[in-house]
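**Student:**
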Amino acid sequence: MRTITLIIVHCSANKAGSTLRMADTDRYHRSLGWKGCGYHYVIPTDGTIERGRPEELVGAHCRNHNRHSIGVAYIGGLAGDGKTPCDTRTEAQKRALRTLLSELHKKYPKALIVGHCDLDPHKPYCPGFSVVDAMLNVEC
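Quick note: to get my numbering, add 122 to the position in the sequence shown (first position is 1).
#1: Following the continuous beta strand (DSSP E) through Y196, name the residue where it begins and the one where it ends.
#2: Does the Cβ of L154 have 16 or more other Cβ atoms within 10 Å, making it buried, or fewer, making it exposed?
#3: Tell me which residue opens and which closes the beta strand (DSSP E) that Y247 is part of.
#4: For Y161, which of helix, strand or coil comes out of DSSP?
#5: Take every Cβ of the segment 135-148, pair it with every Cβ of the segment 178-197, and state whether three or more of those distances are shorter than 8 Å.
#6: Consult DSSP for V236 and reduce its assignment to one of helix, strand or coil.
#7: What three-state label does DSSP hand V180 in the structure shown?
#8: Pick helix, strand or coil for K137, following the three-state DSSP scheme.
#9: How many angstroms separate the CA atom of I126 from the CA atom of T147?
In structure tokens, the structure reads:
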């Protein structure tokens with residue numbers, strides 16, 4: 123079993139209102155030569171929590187941190203122009219993300235919940251909001 127010390131939140135870097143789902147992310151990541159979806163969970167705009175890579179497997183979502191982390195991504199993160207980074211989470215995504223992070227934090231109580239941008243200076247806009255501020259009141 124892997125030791126999980128981080129739960130990392132991402133955006134998929136798709137424009138607001140995108141209808142993509144985990145299966146689309148999986149197909150895209152496989153086209154890059156990966157073993158499948160690099161995230162462990164994906165949350166489409168309707169707020170469904172979809173499983174990606176099994177938690178027991180190392181993800182492919184944050185360089186130098188994959189071995190000891192769980193990756194969670196919401197679909198979105200870019201304005202309607204498809205270029206401008208912003209928080210595009212729907213209310214359903216916000217609720218689902220809080221629920222999922224609460225469940226994961228109960229399962230991995232020593233893991234820090236952070237945004238991709240907190241670990242990678244090359245990704246300053248991912249996930250498009252301050253995860254630390256947004257998760258201050260997550261029930262654990």
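Glycine included, each C-beta is placed from N, C-alpha and C at the ideal position.
**Tutor:** Looking at the atomic coordinates:
#1: As a working note, residue 196 is residue 74 in the sequence shown. Element bounds for Y196: S191 to Y196.
#2: To locate residue 154, count along the sequence shown from 1; it is residue 32. Flag for L154 reads exposed.
#3: Numbered from 1 along the sequence shown, position 125 holds the residue referred to as residue 247. Segment: none, Y247 is in no beta strand (DSSP E) and carries neither H nor E.
#4: By one-based count along the sequence shown, residue 161 stands at place 39. Y161 falls in the coil class under three-state DSSP.
#5: yes
#6: Taking the first residue of the sequence shown as 1, we reach residue 236 at position 114. V236 falls in the strand class under three-state DSSP.
#7: Numbered from its first residue, the sequence shown carries residue 180 at position 58. V180: coil per DSSP, three-state reduction.
#8: On the sequence shown, residue 137 is found 15 positions in, with the first residue counted as 1. Looking at K137 - three-state DSSP - the assignment turns out to be strand.
#9: In the sequence shown, counting from the first residue as 1, residue 126 sits at position 4. In the sequence shown, counting from the first residue as 1, residue 147 sits at position 25. So the alpha carbons of these two residues sit roughly 23 Å apart.
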